[in-house]
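Here the working numbering is used: the first residue of the sequence shown is 5, the next is one more, and so on. Reviewing the structure listed below.
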Amino acid sequence: MIVNWVHYTIPKVSFVLSFISNPLFIYLIYTNKNILFGSYRYLLAFFAIFNLLASVADLLVPVISQYGEYPLSYRCSFIYGTYGILNVHFVFRYLTLRNNNIINEYFMPYGLVISVAFVIFHMTIWGMIDFHCLHSAPEMRDYIRTPFKELLNQDIDGINFVAGLFSETTPWIVERSWAGILLLTAIAMYSITLYFVLGYKIVTGLNIESITMSKQTAQMQKQLFKALAIQTIIPVCVSFIPCTLSFYGAALRWDFMNWVYWASAAALSMFPFLDPMAIIFFLPALRRRIRVPIRKKRHEVGK
5 MIVNWVHYTI PKVSFVLSFI SNPLFIYLIY TNKNILFGSY RYLLAFFAIF
55 NLLASVADLL VPVISQYGEY PLSYRCSFIY GTYGILNVHF VFRYLTLRNN
105 NIINEYFMPY GLVISVAFVI FHMTIWGMID FHCLHSAPEM RDYIRTPFKE
155 LLNQDIDGIN FVAGLFSETT PWIVERSWAG ILLLTAIAMY SITLYFVLGY
205 KIVTGLNIES ITMSKQTAQM QKQLFKALAI QTIIPVCVSF IPCTLSFYGA
255 ALRWDFMNWV YWASAAALSM FPFLDPMAII FFLPALRRRI RVPIRKKRHE
305 VGK
């Protein structure tokens, strides 16, 4: 069943692009000799693998399934998994400046195992909130049946979804809907607050430590932090803001045009591709390795 061309096409395009950009990114960070990533390359590789899994889930986990909303909640949990990975990245960069010995001695394998478990925990929390607070009910299907049919020419009874209903229904559905969006907002804000706090400490630490660092090391640390900042901006723009608009638009009866929801779905699907490309672009050593083969090919063609 095709709900609309955006939801049908974008995940497939993102899947292909993601399976090009992320393996390329892993290859670049493991073969690059100009930047000594150290243990940080394991976190970057973990992020790339996570992106691949997110693309697979977005493409293969259907909105129509005999298992109900369990697969859909799992699919949605990748949203908060991204936040968890960024939390780990900020902690790693902060510890690198404050006490690099901890990273060197304990990150492999203990730190990486804890990081993976931490991300899985984040995904589990988000998935549980989606499933228990925002699962569909007959009253919800009846409420949106007519507009869904008019807008998309589809029958809502054949589709699994998680959503909130905030009026014209039973008090229990209203209460659990508000509980769901408030809990999701709270845990997302916890991560974003952590980004700002640790980001400020990292910037301050870089300004202080750059006095004693070599010029090359200080420049590398600043480039890595800029790349991390871009990694953070992307999910805020393609995940947090679209989700927040969708949540509170329904709760507070803000009437957004359809293209807002279509753009939100497209943005969420494209994140696994955009994330590694942003890092490659903002790290000159990686960017140059992409540009050199292209220049050589152009030169050979011109001969």
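Note that the Cβ used here is the ideal one computed from N, Cα and C, for glycine as well.
Supposed contact pair residue 239 and residue 275 - C-beta distance, whole angstroms, cut 8 Å: Sure, about 6 Å apart at Cβ, within 8 Å.
Cα separation between residue 281 and residue 25? Residue 281 and residue 25 have their C-alpha atoms roughly 7 Å apart.
Does the contact criterion of 3 or more C-beta pairs under 8 Å hold for the stretch 78-94 versus the stretch 122-132? The stretch 78-94 is in contact with the stretch 122-132.
State buried or exposed for residue 221, treating a residue as buried only when at least 16 other CB atoms are found within 10 Å of its CB. Under this definition residue 221 is an exposed residue.
Please state the DSSP three-state secondary structure of residue 65. Reduced to three states, the DSSP call for residue 65 is coil.
Residue 97 lies in the alpha helix (DSSP H); which residues open and close that run? For residue 97, the enclosing alpha helix (DSSP H) stretches over residues 74-102.
Which runs of the beta strand (DSSP E) at least 3 residues long sit entirely within the stretch 19-52? Give them in chain order. For secondary structure counted as the beta strand (DSSP E) over 3 or more consecutive residues, the stretch 19-52 holds no complete run.
Residue nearest to residue 34 in terms of C-alpha spacing, selected from 50, 22 and 20: Proximity to residue 34 across 50, 22 and 20 peaks at 50, based on C-alpha coordinates.
Within a Cβ cutoff of 7 Å, which residues of the same chain sit near residue 236, ignoring the five residues on either side of it in sequence? Listed in chain order, the non-local C-beta contacts of residue 236 below 7 Å within the same chain comprise 90 and 199, local neighbours out to five positions each way being set aside.
Neighbourhood of residue 122 by C-beta distance below 8 Å, restricted to the same chain and skipping five residues each side: 88, 91 and 92.
Below 8 Å on the Cβ atoms is my guess for residue 96 versus residue 56; work out the distance and round it to an integer in Å. Here residue 96 is actually not in contact with residue 56; their C-beta atoms are around 21 Å apart, not less than 8 Å.
Return the chain-ordered list of same chain residues with a C-beta closer than 7 Å to the C-beta of residue 226, the five sequence neighbours on each side being excluded. In the same chain as residue 226, and ignoring 5 residues on each side of it, the C-beta atoms closer than 7 Å to its own belong to 210, in chain order.
Out of 14, 52, 16 and 217, which one is the CA nearest neighbour of residue 32? Looking at the Cα atoms, 52 is the closest of the given residues.
Cβ shell of residue 144 (< 6 Å), same chain only, five flanking positions each side left out: Correct list, in chain order: 169.
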